[in-house]
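2 protein chains.
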Amino acid sequence: MSSDIVEQVLAGERRAVARLITMIENDGNEAQEALAALYPYTGQAHIVGVTGAPGTGKSTLVNELAKVYRRGGQPVPSPRTVGIIAVDPTSPFSGGAILGDRIRMRELAGDPGIFIRSMATRGSLGGLARATADAIKVLDAAGYQVIFVETVGAGQAEVDIAKTAHTTIVVQAPGLGDDIQAIKAGILEIADIFTVNKADREGADNTVMALQMLLDLDHASRPILHHGVVMQSGQTGDSSQEQRWRPPILKTIALHSQGIEAVVEAIEAHLIYLKESQTLHRRERERIESELNDILQEELMRRLLSRVKEEEWDELIERIGRREMDPYSAARELVEEGRCV
Amino acid sequence: MSSDIVEQVLAGERRAVARLITMIENDGNEAQEALAALYPYTGQAHIVGVTGAPGTGKSTLVNELAKVYRRGGQPVPSPRTVGIIAVDPTSPFSGGAILGDRIRMRELAGDPGIFIRSMATRGSLGGLARATADAIKVLDAAGYQVIFVETVGAGQAEVDIAKTAHTTIVVQAPGLGDDIQAIKAGILEIADIFTVNKADREGADNTVMALQMLLDLDHASRPILHHGVVMQSGQTGDSSQEQRWRPPILKTIALHSQGIEAVVEAIEAHLIYLKESQTLHRRERERIESELNDILQEELMRRLLSRVKEEEWDELIERIGRREMDPYSAARELVEEGRCV
Numbered sequence: 002m003s004s005d006i007v008e009q010v011l012a013g014e015r016r017a018v019a020r021l022i023t024m025i026e027n028d029g030n031e032a033q034e035a036l037a038a039l040y041p042y043t044g045q046a047h048i049v050g051v052t053g054a055p056g057t058g059k060s061t062l063v064n065e066l067a068k069v070y071r072r073g074g075q076p077v078p079s080p081r082t083v084g085i086i087a088v089d090p091t092s093p094f095s096g097g098a099i100l101g102d103r104i105r106m107r108e109l110a111g112d113p114g115i116f117i118r119s120m121a122t123r124g125s126l127g128g129l130a131r132a133t134a135d136a137i138k139v140l141d142a143a144g145y146q147v148i149f150v151e152t153v154g155a156g157q158a159e160v161d162i163a164k165t166a167h168t169t170i171v172v173q174a175p176g177l178g179d180d181i182q183a184i185k186a187g188i189l190e191i192a193d194i195f196t197v198n199k200a201d202r203e204g205a206d207n208t209v210m211a212l213q214m215l216l217d218l219d220h221a222s223r224p225i226l227h228h229g230v231v232m233q234s235g236q237t238g239d240s241s242q243e244q245r246w247r248p249p250i251l252k253t254i255a256l257h258s259q260g261i262e263a264v265v266e267a268i269e270a271h272l273i274y275l276k277e278s279q280t281l282h283r284r285e286r287e288r289i290e291s292e293l294n295d296i297l298q299e300e301l302m303r304r305l306l307s308r309v310k311e312e313e314w315d316e317l318i319e320r321i322g323r324r325e326m327d328p329y330s331a332a333r334e335l336v337e338e339g340r341c342v
Numbered sequence: 002m003s004s005d006i007v008e009q010v011l012a013g014e015r016r017a018v019a020r021l022i023t024m025i026e027n028d029g030n031e032a033q034e035a036l037a038a039l040y041p042y043t044g045q046a047h048i049v050g051v052t053g054a055p056g057t058g059k060s061t062l063v064n065e066l067a068k069v070y071r072r073g074g075q076p077v078p079s080p081r082t083v084g085i086i087a088v089d090p091t092s093p094f095s096g097g098a099i100l101g102d103r104i105r106m107r108e109l110a111g112d113p114g115i116f117i118r119s120m121a122t123r124g125s126l127g128g129l130a131r132a133t134a135d136a137i138k139v140l141d142a143a144g145y146q147v148i149f150v151e152t153v154g155a156g157q158a159e160v161d162i163a164k165t166a167h168t169t170i171v172v173q174a175p176g177l178g179d180d181i182q183a184i185k186a187g188i189l190e191i192a193d194i195f196t197v198n199k200a201d202r203e204g205a206d207n208t209v210m211a212l213q214m215l216l217d218l219d220h221a222s223r224p225i226l227h228h229g230v231v232m233q234s235g236q237t238g239d240s241s242q243e244q245r246w247r248p249p250i251l252k253t254i255a256l257h258s259q260g261i262e263a264v265v266e267a268i269e270a271h272l273i274y275l276k277e278s279q280t281l282h283r284r285e286r287e288r289i290e291s292e293l294n295d296i297l298q299e300e301l302m303r304r305l306l307s308r309v310k311e312e313e314w315d316e317l318i319e320r321i322g323r324r325e326m327d328p329y330s331a332a333r334e335l336v337e338e339g340r341c342v
């Protein structure tokens with residue numbers, strides 16, 4: 002059955018793609034064999050992260066971007082297939098926001114060149130980031146050429162998604178706390194492109210200016226830091242060939258399809274930059290390293306816990322609760338007891 | 002040296018407390034011995050999480066709450082010592098927001114009964130949540146009676162902090178996207194107390210009403226769900242004694258010290274509820290379980306990686322990058338190669 006689903010995904014069969022992603026959501030382990038078999042066929046897609054606070058109009062923007070890629074013509078000469086993964090890490094218990102997205106995206110659903118999927122959190126955030134990375138692989142192996150990963154909210158979740166994406170778009174909107182304080186420091190490090198959506202609203206120019214100022218400050222005062230890697234200014238020159246990319250700030254009114262082509266142009270320009278500056282290779286390496294770490298952690302825990310009896314575990318928790326034992330010693334004991342994992 | 006610092010922390014020496022928290026921030030492992038020795042002395046403090054978006058005035062609120070606890074008199078008959086830990090998980094690279102908090106909190110710094118500390122992210126979010134949990138233990142063992150843990154932003158970070166806290170206050174403010182959409186679904190599950198701060202601003206009553214409506218909906222339509230544990234309605238009656246707590250919604254103007262006593266009253270009422278309904282015991286169990294899981298994961302990874310040579314690791318990453326190998330098989334190989342960890 003596993004080899005069946007692999008062949009079907011490689012043939013681009015939508016139902017197989019959907020089924021495998023559901024397997025990933027329910028239990029990472031079940032899908033591992035298929036993911037391992039699909040892995041050689043991945044690495045082809047351009048992965049574009051789109052992130053921003055609720056109310057910025059991210060979903061509408063993604064819809065419009067997808068339409069441009071599907072349509073072909075300027076700025077993308079021939080149409081490309083598009084995968085969309087909508088993730089809401091801020092809502093670990095209910096899928097409210099995701100439902101709304103799904104309804105909004107229905108207008109795209111008739112197009113066989115588009116695959117849309119919402120991902121819900123079952124377990125921890127780590128679990129969701131991992132599941133999203135695996136879902137991207139499935140769409141990549143199935144032949145989708147551009148994959149949008151849409152995430153709500155700020156914080157670590159954004160950073161995790163940015164690590165997975167080649168190009169990250171940060172969507173802002175005027176009037177949602179448009180003072181400089183509300184624009185998070187962390188956002189500068191993950192944004193490759195800024196979009197000020199709902200640009201017909203009052204305050205759009207202030208938002209653009211605030212971002213511009215932040216970028217100026219950032220470029221002037223800090224070592225070149227992108228995706229967590231500090232570069233010495235000397236390094237930028239001859240040896241590494243890595244030039245700096247200054248994130249463009251683009252105004253859009255996604256609801257009226259305005260300004261969308263310029264964003265697509267910026268996405269394409271960023272991909273060229275990534276390739277020419279060899280940043281793509283570095284980012285891929287970082288991504289693989291962090292993914293291998295996650296998989297290792299899971300594998301080790303799975304093996305350890307499979308050896309521990311439930312009563313034993315419960316007893317341990319109670320003893321720690323009574324402060325008869327500390328959790329560090331308990332962990333060491335559990336690991337050493339088993340010895341071989 | 003480790004036993005020295007343990008004694009000094011137990012004696013409440015501020016410099017030892019600060020030093021141990023720095024050790025925790027820099028490298029969890031270095032501090033483990035001391036934390037293990039302090040562990041029997043923990044479990045005394047009331048841990049209060051305070052969370053909300055930037056601009057809601059969280060820090061000012063925490064300052065005011067701390068003052069009421071320090072002052073004594075109504076609603077807290079005798080003064081209590083207060084620890085404050087400010088965490089900003091949305092800013093993994095720079096400590097901008099935290100710096101602001103630190104300046105605002107300076108007015109409390111003269112009081113020997115208050116200990117204030119900002120925590121920065123060095124590594125992953127997981128790392129920060131773990132470091133925060135350990136810092137809480139240090140303050141707890143040092144004798145601080147009420148420990149406020151202040152976090153910026155929404156999302157998984159909030160949920161993680163809520164798991165650590167006994168009582169979680171969610172701070173909202175009017176005008177920061179006060180429509181119902183902006184109030185995240187996840188927030189209902191973590192809030193024990195809602196505060197609508199900056200209540201002199203336009204729209205404060207709308208924010209209160211929106212929260213009220215969400216609580217009504219939540220109470221009417223859903224199984225009793227709190228901190229991720231679903232309870233059957235039958236269970237609520239005789240057997241488990243767990244009654245429901247309906248989060249109060251309180252208006253404050255922290256900048257003018259208005260409405261603060263009511264929040265302190267609610268915090269105290271919630272602690273009594275936790276004890277009487279045996280919810281405290283359940284939450285403690287959950288907290289210990291998730292902490293033991295984290296420590297185990299770290300310990301296993303540490304042991305595994307200590308056996309893998311750097312060249313070996315780099316070579317593996319390159320091979321995965323060239324798609325000659327998939328990360329799942331690579332992880333299995335690494336684990337099985339070592340066999341005994």
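Protein chains in written order, with the numbering used here: chain F, 2 to 342; chain C, 2 to 342.
The beta-carbon is built from N, C-alpha and C at its ideal position, and this holds for glycine as well.
Please read all numbers here as calculations on a predicted model, not as lab measurements.
Can you check which of these residues, the options, is closest to residue i by C-alpha distance?
i              : options                           : result
H257 (chain C) : C:L301, C:T280, C:R202 and C:L305 : C:R202
Q45 (chain F)  : C:H167, C:R324 and C:A332         : C:R324
I194 (chain C) : C:Y145, C:R245, C:P249 and C:D141 : C:P249
Y329 (chain C) : F:T23, F:A270 and F:A37           : F:A37
L66 (chain C)  : C:I115, C:E14 and C:A192          : C:I115
P78 (chain F)  : F:E266, F:Q9 and F:L39            : F:E266
G56 (chain C)  : C:A270, C:G176 and C:I86          : C:G176
I254 (chain F) : F:G13, F:N198 and F:A211          : F:N198
R308 (chain F) : F:S291, F:E337, F:W246 and F:G322 : F:E337
D161 (chain F) : F:H282, F:N207, F:A270 and F:E290 : F:E290
Please report the straight-line C-alpha distance between residue i and residue j, rounded to a whole angstrom.
i              : j              : result
V18 (chain C)  : Y42 (chain C)  : 14 angstroms
L306 (chain C) : R333 (chain C) : 14 angstroms
G74 (chain F)  : R81 (chain F)  : 11 angstroms
L140 (chain F) : P113 (chain F) : 13 angstroms
I188 (chain F) : V171 (chain F) : 8 angstroms
A32 (chain C)  : Q33 (chain F)  : 37 angstroms
G58 (chain C)  : A174 (chain C) : 8 angstroms
L317 (chain C) : G204 (chain C) : 57 angstroms
R354 (chain C) : G84 (chain C)  : Outside the shown range of chain C (2 to 342) lies residue 354 (chain C), about which nothing can therefore be said.
D180 (chain F) : R288 (chain C) : Low confidence applies to D180 (chain F): its pLDDT is 46, below 50, so where it sits in the model is not reliable, and the reading given next is rough at best. In a straight line, the C-alpha of D180 (chain F) is about 37 angstroms away from that of R288 (chain C).
I191 (chain C) : G260 (chain F) : 39 angstroms
R16 (chain C)  : I6 (chain C)   : 10 angstroms
E319 (chain C) : L293 (chain F) : 12 angstroms
Q242 (chain F) : Q279 (chain F) : Residue placement at Q242 (chain F) is flagged as unreliable, the pLDDT there being 43, under the threshold of 50; the coordinate-derived value follows with that caveat. Taking the straight line joining both Cα atoms gives about 7 angstroms.
K252 (chain C) : A200 (chain C) : 6 angstroms
T237 (chain F) : W246 (chain F) : Confidence in T237 (chain F) is poor, its pLDDT being 40 and thus under 50, which makes the residue's placement too unreliable to answer from.
Check for me: the alpha helix (DSSP H) holding residue i runs from which residue to which?
i              : result
H271 (chain C) : I261 to E277
Q298 (chain C) : T280 to R308
T23 (chain C)  : R15 to N27
G56 (chain C)  : Unbroken run through G56 (chain C): none, as it is neither H nor E.
Cβ atoms of residue j and residue i: under 8 angstroms apart, would you say?
i              : j              : result
T168 (chain C) : L272 (chain C) : yes
P76 (chain C)  : E277 (chain C) : no
R118 (chain F) : D295 (chain F) : no
L301 (chain C) : M302 (chain F) : yes
V153 (chain F) : T133 (chain F) : no
V69 (chain C)  : L129 (chain C) : no
Y40 (chain F)  : K164 (chain F) : no
V51 (chain F)  : I268 (chain F) : no
V264 (chain C) : A142 (chain C) : no
G111 (chain F) : G13 (chain F)  : no
H47 (chain F)  : V147 (chain F) : yes
Return the first residue and the last residue of the beta strand (DSSP E) that residue i is part of.
i              : result
V197 (chain C) : I194 to V197
A87 (chain C)  : V83 to V88
R118 (chain C) : I115 to M120
E312 (chain F) : No beta strand (DSSP E) holds E312 (chain F); the alpha helix (DSSP H) holding it covers E311 to G322.
T169 (chain C) : T168 to Q173
T152 (chain F) : V147 to V153
L251 (chain F) : I250 to K252
For residue i, would you say it is in contact with chain D, using Cβ-to-Cβ distances shorter than 8 angstroms as the test?
i              : result
R286 (chain C) : Absent here is chain D; the protein component of the structure consists of chains F and C.
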